[in-house]
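Step one of this worksheet: look at the structure below.
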Amino acid sequence: ETGVTQSPTHLIKTRGQQVTLRCSSQSGHNTVSWYQQALGQGPQFIFQYYREEENGRGNFPPRFSGLQFPNYSSELNVNALELDDSALYLCASSSPGATDYNEQFFGPGTRLTVL
Amino acid sequence: QKEVEQDPGPLSVPEGAIVSLNCTYSNSAFQYFMWYRQYSRKGPELLMYTYSSGNKEDGRFTAQVDKSSKYISLFIRDSQPSDSATYLCAKDLRQGAQKLVFGQGTRLTINP
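Quick mapping for you: the protein sequence lines, in order, are chains L and G.
When we follow our numbering, the leftmost residue of the first sequence carries the number 1, and every step to the right adds one.
When we follow our numbering, the leftmost residue of the second sequence carries the number 1001, and every step to the right adds one.
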């Protein structure tokens, strides 16, 4: 069973550019959540996708957008990059069910630096 | 006020010590509480989760929730150098939501 994978590992962009980050969910998982983790901070929830539809969004502006594909992989797109967007972007996959708690499995993250 | 408050540390203790990590939270809505461990350059991994007030044990780890005071704790017994990591407390907005609210994380170092 393959875990959650993310690409690229590192990325350097300049202000105003656009970036696309990719995530492959764990086998059998239909829900993908994206988090932003600034240096020295805990992860912050950006949004979640369930069966290709957005299923909740955190306090992030519309220039943060996403997609989920039929194979449940996902993309995070950020337009008009700002310096404060520099962070580790984490993807987590899970599969809602009837059990007590459904664990989210995190990928290793993409480190984005905006200059 | 942040929904989940956590002392960022850093915390440094000798090998074998008992470690106590703590968080407080606001908003008493229905929720699960979790502790994640994050090694450097890795994503967080779930250590424990709990819903009820009281203690939950898993090996050397004990999670404690006190809903009356909105306080959650993680205790690590017989700490090992391999326990050196950042520990993140988190809560879920509601059962099954899987939209986690994290604390800032406490950086822990266990010295041999």
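Glycine included, C-beta positions come from ideal geometry on N, C-alpha and C.
Nearest-angstrom beta carbon gap, residue j and residue i [assumed within contact, 8 angstroms]
i                  : j                  : result
LEU88 of chain L   : ARG63 of chain L   : At roughly 19 angstroms, the Cβ-Cβ gap does not stay under 8 angstroms, so LEU88 of chain L and ARG63 of chain L are not in contact.
GLU75 of chain L   : THR31 of chain L   : Not confirmed; about 15 angstroms, so no contact.
SER94 of chain L   : HIS29 of chain L   : 6 angstroms
VAL1019 of chain G : PHE1102 of chain G : About 19 angstroms; that fails the 8 angstroms criterion.
VAL78 of chain L   : ASP84 of chain L   : Not confirmed; about 11 angstroms, so no contact.
GLY107 of chain L  : LEU1088 of chain G : About 16 angstroms separates the two Cβ atoms, so there is no contact after all.
Pair within 8 angstroms by beta-carbon distance, residue i and residue j
i                  : j                  : result
SER1079 of chain G : GLU1015 of chain G : yes
CYS91 of chain L   : GLN36 of chain L   : no
ILE1072 of chain G : VAL1013 of chain G : no
GLN1031 of chain G : GLN104 of chain L  : no
GLU54 of chain L   : GLY66 of chain L   : yes
GLY1043 of chain G : ARG1107 of chain G : no
TYR72 of chain L   : SER33 of chain L   : no
SER1040 of chain G : LYS1070 of chain G : no
Alpha-carbon to alpha-carbon, residue j and residue i
i                  : j                  : result
GLY40 of chain L   : GLU1045 of chain G : 17 angstroms
GLY1059 of chain G : CYS23 of chain L   : 32 angstroms
ASP1092 of chain G : GLN1001 of chain G : 17 angstroms
MET1034 of chain G : SER1068 of chain G : 17 angstroms
LEU1100 of chain G : GLN44 of chain L   : 8 angstroms
ASN59 of chain L   : ILE46 of chain L   : 7 angstroms
LEU1011 of chain G : TYR1051 of chain G : 27 angstroms
GLU1057 of chain G : ASP1083 of chain G : 16 angstroms
LYS13 of chain L   : ARG57 of chain L   : 25 angstroms
ASN1055 of chain G : GLY16 of chain L   : 49 angstroms
THR1024 of chain G : TYR1036 of chain G : 15 angstroms
ALA1017 of chain G : GLN1104 of chain G : 23 angstroms
GLN18 of chain L   : ASN102 of chain L  : 33 angstroms
VAL1065 of chain G : PHE69 of chain L   : 38 angstroms
Listed by chain order, chain G residues near residue i by CB distance under 9 angstroms
i                : result
SER33 of chain L : GLN1098, LYS1099, LEU1100
SER65 of chain L : Residues of chain G passing the Cβ test: none, with the nearest at roughly 17 angstroms.
Residues that residue i contacts on chain L, provided the C-beta gap is smaller than 7 angstroms
i                  : result
GLY1043 of chain G : LEU90, PHE106, GLY107, PRO108, GLY109
GLN1104 of chain G : GLN41, GLY42
LEU1046 of chain G : GLU103
For residue i: DSSP bridge partner residues
i                  : result
ASP1066 of chain G : G:TYR1071
SER25 of chain L   : DSSP, once it has assigned bridges, lists no residue as partnering SER25 of chain L.
PHE60 of chain L   : BP columns for PHE60 of chain L are empty, so no partner.
LEU1021 of chain G : G:LEU1074
GLU54 of chain L   : L:TYR49
Contacts of residue i in chain L (Cβ-Cβ under 8 angstroms)
i                  : result
PRO1008 of chain G : GLY40
Within chain G, partners of residue i - CB distance below 8 angstroms
i                : result
PHE45 of chain L : LYS1099, LEU1100, VAL1101
SER94 of chain L : GLN1098
GLY56 of chain L : ALA1097, LYS1099
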